[in-house]
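Structure first, commentary second.
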Amino acid sequence: MSDTSKSSENHDPRSPRGHTRATVEPQKDAQLSAKLKRTEEKFGIETGVRFKEDGQYIVSVSFYPEPKFYIQKMNADHTLQEPEVLAQEEYEQTWALQL
209 MSDTSKSSEN
219 HDPRSPRGHT
229 RATVEPQKDA
239 QLSAKLKRTE
249 EKFGIETGVR
259 FKEDGQYIVS
269 VSFYPEPKFY
279 IQKMNADHTL
289 QEPEVLAQEE
299 YEQTWALQL
């Protein structure tokens, strides 16, 4: 099975491949929240909604067997396309909304 494949039968097409701040914070798991924060800081990649010239994306991270970031384009119906491994160079082409 390839690294980016996931069974569509068992996967909600609106859920990201890995963890994001928005999926971790509601769990109230201090260890998982700290792990996510450390991983984001170590790699310089923030999870969550990001934008590129061609649309809206979700960046997530999977911790097992080692940290790996994924990016998924969001469709108009808020479903997510198949995840792709996110390279630092691609992340640098994204931006977040500044509030």
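Residue numbering for the sequence shown follows our numbering, starting at 209 and increasing by one per position.
Heads up, the beta-carbon is just placed ideally off N, CA and C, and yes, glycines get one too.
Everything numeric in this text was worked out from a predicted model, so none of it was measured.
Environment of residue i [buried if 16+ CB atoms lie within 10 Å]
i       : result
Gln-239 : exposed
Lys-222 : Before going on, a small fix: residue 222 reads as Arg here, not Lys. Under this definition Arg-222 is an exposed residue.
Thr-228 : buried
Leu-307 : exposed
From the options, residue whose alpha carbon lies closest to that of residue i
i       : options                            : result
Val-232 : Gln-289, Tyr-265, Ser-270, Phe-251 : Ser-270
Thr-247 : Lys-236, Val-267, Asn-283          : Val-267
Leu-288 : Ser-241, Gln-264, Leu-244          : Gln-264
Glu-274 : Asp-262, Phe-251, Met-282          : Phe-251
Cutoff 8 Å; reference residue i; Cβ partners in own chain excluding five residues on either side
i       : result
Glu-298 : Ile-279
Ala-304 : Glu-254, Gly-256, Val-257, Arg-258, Phe-259
His-286 : Arg-222
Lys-243 : Phe-271
Residues of its chain near residue i, where Cβ-Cβ distance is below 6 Å and the 5 sequence neighbours each way are ignored
i       : result
Pro-291 : Thr-212, Arg-225, Tyr-278, Gln-280
Ser-215 : Bear in mind that the predicted position of Ser-215 carries a pLDDT of just 42, short of 50, making it unreliable; the figure below should be weighed with that in mind. Closer than 6 Å at the Cβ level, and outside the excluded window around Ser-215, lies no residue.
Ser-210 : Low local confidence applies: a pLDDT of 40 at Ser-210 is under 50, so the model's placement there is unreliable, with the coordinate-based value given in what follows. Answer for Ser-210: no residue qualifies.
Cutoff 8 Å: residue i Cβ touching any chain B Cβ
i       : result
Pro-275 : In the structure shown, chain B does not exist; there is a single protein chain.
7 Å CB neighbourhood of residue i in its chain, flanking five on each side removed
i       : result
Asn-283 : Gln-289
Which parts of the segment 214-245 are runs of the alpha helix (DSSP H), unbroken and 4 residues or longer, counting only runs that do not cross its ends? 229-232
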